[in-house]
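Worksheet for the structure shown next.
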Amino acid sequence: MLKKAFIFLFFIFNLLTAQDYIALAIKSEGDVVWERGEEKTDLKTGSKLINGDILVSKKDSYAAIKFIDGSSVVKLFANSNLRLNTNREDEHLNKHCFLEMGNLWTAVKQKTGIFEIETPTTVVSVQGTEFVVNVIEEGVTLVHALKGQVAVKSKFNDEEIILPADKTAKVAANEELQVRKTREDDISDDIKQETAVKNIKIELENEAGEKKTIKIEYED
């Protein structure tokens, strides 16, 4: 825990320079497009992300990002579109990200500000848990609580539930929110494989051109 706290104090000192960086890409594989306004480029390990950035993963592609406050890791899987939205409140970085399509996994620490994943049909709110979100055709959303509890709210009728671990919620337009036990085949094989704790080294450069190499622990 102390090691991780030190790492992210280092992040804040080195990354918050001319622009207000909110997250770091800790892994990028395959074809992941990074959009900032009208600019599009390939996402690379070590890319520094700001509010409003969009990540689009193509076929057989994958990205993992970690927010600079150390609160959460988000893993974006193939054929997905995620917009990063944040705001600062006192010492916390609140996250309100939008998943237009595709699959993501995330783990969130408690007492680290608001963390929400919005989809075309759903708002998922968490405070310390691990879960998977799938957005399929017509915005239909499946939320799988893996650890802890997840608040799931329909954007169409404001129905809201607290989803416990090992349960899956389905939200679709103009339908009642459905809950059932999570099945073995609900979580794809590529997501199941992303569980081991790994270490990576990333070289960062600040506005003065000074370079630092840091080591990050993360679940992958």
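With the working numbering applied, the sequence shown covers 195 to 414.
Glycine is no exception: its CB is placed at the ideal position from the N, C-alpha and C atoms.
Model, not experiment: these values are computed from the prediction.
- Taking every protein chain shown into account, the CB of Lys221 has 16 or more other CB atoms within 10 angstroms, so this residue is buried.
- Taking a C-beta distance under 9 Å as the contact criterion, His290 and Asn279 qualify as a contact pair.
- Tyr256 has its alpha-carbon roughly 7 Å from the corresponding atom of Gly224.
- Annotation for Asp384: the continuous alpha helix (DSSP H) segment containing it runs Asp383 to Lys386.
- Rounded to the nearest angstrom, the gap between the Cα atoms of Ile385 and Ala258 is 12 Å.
- Glu312 and Glu354 have their C-alpha atoms roughly 14 Å apart.
- Using a Cβ distance threshold of 9 Å, Thr306 and Ser265 count as a contacting pair.
- About 6 Å separates the Cβ atoms of Ala339 and Pro358, confirming a contact at the 8 Å cut-off.
- If you draw a 10 Å sphere on the C-beta of Ile216, you find 16 or more other C-beta atoms in it, and that means buried.
- For Ser266, the enclosing beta strand (DSSP E) covers residues Ser266 to Leu270.
- Annotation for Ser348: the continuous beta strand (DSSP E) segment containing it runs Gln343 to Ser348.
- For Arg230, the enclosing beta strand (DSSP E) stretches over residues Val226 to Arg230.
- If you keep only unbroken alpha helix (DSSP H) runs of at least 4 residues inside the region 291-346, you get nothing at all.
- Remark: C-beta atoms of Trp228 and Phe271 do not approach each other more closely than 9 Å.
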